[in-house]
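Below is one structure, written out as structure tokens, with a few remarks after it.
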Amino acid sequence: MSKIKAAWSTAPEVIAVVIALVHLTYVFYSMWSFGRHCIFHVASMLLVILLFRLKEAHFVRHRVMIGILLSLVLVTGVYLLIGATRLELSFGMGLSNLDFVVGVILIALVVTTTYMLWGWTLTILGMVAVLYMFFGPNAPGVLKAPAMTPDTAMGFLGMSVCTGVFGFIIPISATMLFYFMLFGDVLHVGGVLPMFIEVGKWIGKKLRGGGAYVALVASSLLGTVNGATIANVALTGQYTIPMMKGQGLKGESAVAVECVSSMGGQILPPIMGTGAFIMASLTYIPYVDICKKAVFPAVIYYLLALIAITLLVRRSNIVLVEEQVDKGLILRRLPVFAVPVAMLVYLLVQRYSPGYVVTIALFACLAIAFLQKSTRPSLKAVFDSLAHGTRMAAEVAVAVMLLAIVGQVVITTNLAPKLAFAIMGLSGGNIAFSAILLMVISILLGMGMPTPVAYTLAAIVVVPALVRLDIGLYQAHFFAFYFAVFAAVTPPVAVGPLVGSRIANANFWKCSMAAMRLSLPFFMLPFAFLAEPGLLTLSIDFDAAIMLLGCLAGGIMLSSLLFRQYFFGEIDRVDTVLFALGVAMMIPYALGLASSEFLVGGAILALVVVTIKQTVGWRCVLKGKWSR
Numbered sequence: 077m078s079k080i081k082a083a084w085s086t087a088p089e090v091i092a093v094v095i096a097l098v099h100l101t102y103v104f105y106s107m108w109s110f111g112r113h114c115i116f117h118v119a120s121m122l123l124v125i126l127l128f129r130l131k132e133a134h135f136v137r138h139r140v141m142i143g144i145l146l147s148l149v150l151v152t153g154v155y156l157l158i159g160a161t162r163l164e165l166s167f168g169m170g171l172s173n174l175d176f177v178v179g180v181i182l183i184a185l186v187v188t189t190t191y192m193l194w195g196w197t198l199t200i201l202g203m204v205a206v207l208y209m210f211f212g213p214n215a216p217g218v219l220k221a222p223a224m225t226p227d228t229a230m231g232f233l234g235m236s237v238c239t240g241v242f243g244f245i246i247p248i249s250a251t252m253l254f255y256f257m258l259f260g261d262v263l264h265v266g267g268v269l270p271m272f273i274e275v276g277k278w279i280g281k282k283l284r285g286g287g288a289y290v291a292l293v294a295s296s297l298l299g300t301v302n303g304a305t306i307a308n309v310a311l312t313g314q315y316t317i318p319m320m321k322g323q324g325l326k327g328e329s330a331v332a333v334e335c336v337s338s339m340g341g342q343i344l345p346p347i348m349g350t351g352a353f354i355m356a357s358l359t360y361i362p363y364v365d366i367c368k369k370a371v372f373p374a375v376i377y378y379l380l381a382l383i384a385i386t387l388l389v390r391r392s393n394i395v396l397v398e399e400q401v402d403k404g405l406i407l408r409r410l411p412v413f414a415v416p417v418a419m420l421v422y423l424l425v426q427r428y429s430p431g432y433v434v435t436i437a438l439f440a441c442l443a444i445a446f447l448q449k450s451t452r453p454s455l456k457a458v459f460d461s462l463a464h465g466t467r468m469a470a471e472v473a474v475a476v477m478l479l480a481i482v483g484q485v486v487i488t489t490n491l492a493p494k495l496a497f498a499i500m501g502l503s504g505g506n507i508a509f510s511a512i513l514l515m516v517i518s519i520l521l522g523m524g525m526p527t528p529v530a531y532t533l534a535a536i537v538v539v540p541a542l543v544r545l546d547i548g549l550y551q552a553h554f555f556a557f558y559f560a561v562f563a564a565v566t567p568p569v570a571v572g573p574l575v576g577s578r579i580a581n582a583n584f585w586k587c588s589m590a591a592m593r594l595s596l597p598f599f600m601l602p603f604a605f606l607a608e609p610g611l612l613t614l615s616i617d618f619d620a621a622i623m624l625l626g627c628l629a630g631g632i633m634l635s636s637l638l639f640r641q642y643f644f645g646e647i648d649r650v651d652t653v654l655f656a657l658g659v660a661m662m663i664p665y666a667l668g669l670a671s672s673e674f675l676v677g678g679a680i681l682a683l684v685v686v687t688i689k690q691t692v693g694w695r696c697v698l699k700g701k702w703s704r
């Protein structure tokens with residue numbers, strides 16, 4: 077009996093690793109058609125989640141319920157794999173009674189598992205979408221949907237095995253997200269985080285609060301691979317947050333820095349936390365073109381992040397910390413990170429498929445790690461990393477399944493233009509006010525969701541409304557994408573600070589407000605994309621350059637106001653008034669409410685005046701003429 081219990085305790089991990097190996101094998105050898113691969117992906121992701129939940133269940137009734145769900149997943153998966161060709165050719169026409177029942181079971185499995193993982197918000201959204209698909213023709217007024225038979229509706233929802241669950245965005249999960257989640261865990265087992273810690277110690281000897289700067293670098297680089305702010309905070313935060321606290325930052329401030337750094341990885345080309353690939357899949361725009369357009373927004377973000385973190389460090393009165401740095405460890409472990417990521421970037425630019433590229437980088441990471449004794453992971457560590465990566469990918473995949481249903485309903489029933497019409501009515505057709513409403517919607521939809529899921533949901537609902545307002549497709553998608561990223565730190569949910577507060581042993585609300593304060597200057601960027609499309613290009617013209625300078629000036633002044641600190645000291649009443657005027661001039665320009673370059677000039681002038689004032693003041697202090 078003890079052997080049976082021991083075998084069962086490892087069964088979920090073993091099955092998760094087998095599923096990971098099947099996915100990795102599929103990159104090089106197509107064992108079945110792409111449609112069947114998507115079916116296998118959906119069934120296996122549900123299977124992984126339910127197996128782990130069954131293992132963790134404490135009550136008999138929970139085990140019975142999960143056991144029933146597991147049986148239904150296996151039966152449904154086998155049925156769909158066997159009948160895939162027939163269902164694809166019929167495209168939902170002439171479904172048998174058994175086909176329809178299997179479709180109902182499939183949708184129920186997705187909704188139930190989503191509730192188990194993500195709670196009521198996403199679950200209710202999915203249930204409303206399914207009900208609207210079947211009963212939308214009975215809805216009143218503008219919400220009335222086109223009439224269709226139940227068979228046709230079920231075909232669109234998934235029983236044609238090329239739409240809905242299997243055909244809208246689940247291929248993104250099956251060919252992209254899954255592999256990036258695995259890669260993030262393999263990087264972790266390769267020992268790259270201790271390397272970044274040593275780099276942080278070295279920076280800490282040169283700069284006050286060096287841990288904050290290493291968090292900005294390390295969390296951004298790892299965050300751009302794993303594709304989820306919450307996962308990155310949980311992964312790198314366990315190292316960077318204690319480091320920053322040890323160097324003098326308060327717990328909530330350390331959490332804020334980690335959250336801003338992890339968010340930055342999502343917008344950092346060329347990977348962008350898989351955002352670029354999802355955007356390419358949704359828009360049919362080449363991935364390389366999207367990365368090019370993301371360069372200057374990322375530059376602005378990181379300049380503002382660097383300045384805001386510097387002001388926070390100065391405000392916290394942190395002193396230089398003398399710590400022993402293991403330079404040998406840095407040199408030994410740097411190839412484990414640098415070589416695979418360099419290969420990944422190069423192959424992506426050469427337009428190889430993301431799944432293939434990440435798999436090559438994953439194996440390269442393991443190979444390099446095994447070459448040295450100091451970085452060589454045990455086979456158990458590799459096994460655990462594959463199992464954990466598969467589980468994390470499965471959790472994201474379940475949310476993507478439900479979003480696939482929602483997206484298919486929005487497209488099939490032509491709901492997006494109706495939502496856009498309603499938003500235009502509320503805003504009176506004003507683009508700036510409409511954008512503010514859509515910002516709120518994007519954040520609300522993204523609360524509690526990993527970035528790929530949050531962005532996909534925003535792309536379904538928000539982008540069509542923006543396009544309806546004559547906003548360009550690139551601008552609309554970047555607007556939705558950025559606010560899907562920012563949703564991770566926006567109260568009241570704020571999943572990034574939620575995870576970080578546990579690591580820092582700090583109050584959640586203090587962490588949440590600190591992260592929001594550090595992030596607030598970034599919120600003008602998506603509006604700047606709408607007002608000045610030239611920011612989304614590598615060849616910036618005069619107007620785009622003015623907007624770029626204005627965003628930097630406005631972000632610096634807003635950060636300074638929020639922290640009551642500037643580079644050379646605390647800000648006084650005169651500094652506060654000048655900065656407040658500068659921000660007040662920059663906001664309407666960024667929102668597109670005013671187009672005069674004099675507003676940007678005024679904002680920059682306010683910044684220059686305070687800079688000169690504080691510089692002269694500190695020179696006087698150094699000369700002993702007066703004390704500040």
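Counting from 77, one number per residue, gives the positions in the sequence shown under the numbering used here. Quick reminder that beta carbons are idealized off the backbone N, C-alpha and C, glycines included. Please read all numbers here as calculations on a predicted model, not as lab measurements.
Alpha-carbon spacing of residue i relative to residue j, whole angstroms
i    : j    : result
I444 : D648 : 54 Å
V692 : I245 : 58 Å
A541 : T189 : 30 Å
Y558 : S172 : 44 Å
H117 : A352 : 22 Å
V685 : F655 : 10 Å
R137 : V476 : 28 Å
M523 : A570 : 7 Å
V434 : G111 : 21 Å
A229 : G260 : 38 Å
A627 : A604 : Looking at the sequence provided, one finds Cys at residue 627 rather than Ala. One C-alpha to the other measures close to 8 Å.
L379 : F639 : 17 Å
I394 : I579 : 21 Å
A414 : C114 : 32 Å
G267 : R409 : 7 Å
Y363 : L424 : 9 Å
W278 : Y289 : 11 Å
E399 : K326 : 19 Å
G285 : L606 : 36 Å
T466 : F446 : 22 Å
M419 : A560 : 28 Å
F509 : F674 : 23 Å
Residue closest to residue i, alpha-carbon to alpha-carbon, out of the options
i    : options                : result
V262 : V275, K456, D617       : K456
K586 : L269, P567, L683       : P567
L478 : Y642, V529, T687       : V529
A119 : E471, P411, L292       : E471
I507 : P453, V476, L667, M600 : L667
S577 : M107, V309, L174, R640 : V309
F254 : K321, T350, P345, L675 : T350
A534 : Y665, V293, L201       : L201
A291 : F128, S338, L601       : S338
V98  : S296, L258, P270, R408 : L258
H274 : T225, L405, K282       : The sequence given here places Glu at residue 274; His does not occur at that position. Out of T225, L405, K282, L405 has the C-alpha closest to the C-alpha of E274.
A679 : S672, A629, F644       : A629
Cβ pair residue i, residue j closer than 8 Å
i    : j    : result
I95  : V124 : yes
G231 : M169 : yes
I181 : T152 : yes
L185 : L148 : yes
A250 : P526 : no
L657 : A682 : yes
A463 : P597 : no
K368 : L611 : no
S295 : A590 : no
Close-in-space but distant-in-sequence residues of the same chain around residue i (CB under 7 Å, 5 per side omitted)
i    : result
A539 : The sequence shown places Val at residue 539, rather than the Ala named in the question. So the list reads A552, H553, A556, once near-sequence residues are dropped.
F584 : P573, L574, S577
Residues near residue i by beta carbon distance below 6 Å, same chain, minus five either side
i    : result
K701 : Here the model assigns K701 a pLDDT of 47, short of 50, so the residue's position is not dependable and the matter cannot be decided.
L145 : L126
S85  : none
Spatial neighbours of residue i in its chain, beta-carbon cut-off 8 Å, leaving aside the 5 residues before and after
i    : result
N490 : A221, P222
F459 : E89, V93
beta-carbon residue i near the ligand NAD non-hydrogen atom, thresh 7 Å
i    : result
Y377 : No copy of the ligand NAD occurs in the structure displayed, which carries no ligand at all.
(message) Just to confirm the assignment: which complete alpha helix (DSSP H) runs, minimum length 4, are found wholly within the region 137-206?
(response) 160-166, 173-194
(request) Could you name each continuous alpha helix (DSSP H) segment of 4 residues or more that falls completely within the region 275-351, going from the start of the chain to the end? (result) 286-302, 305-322, 327-342
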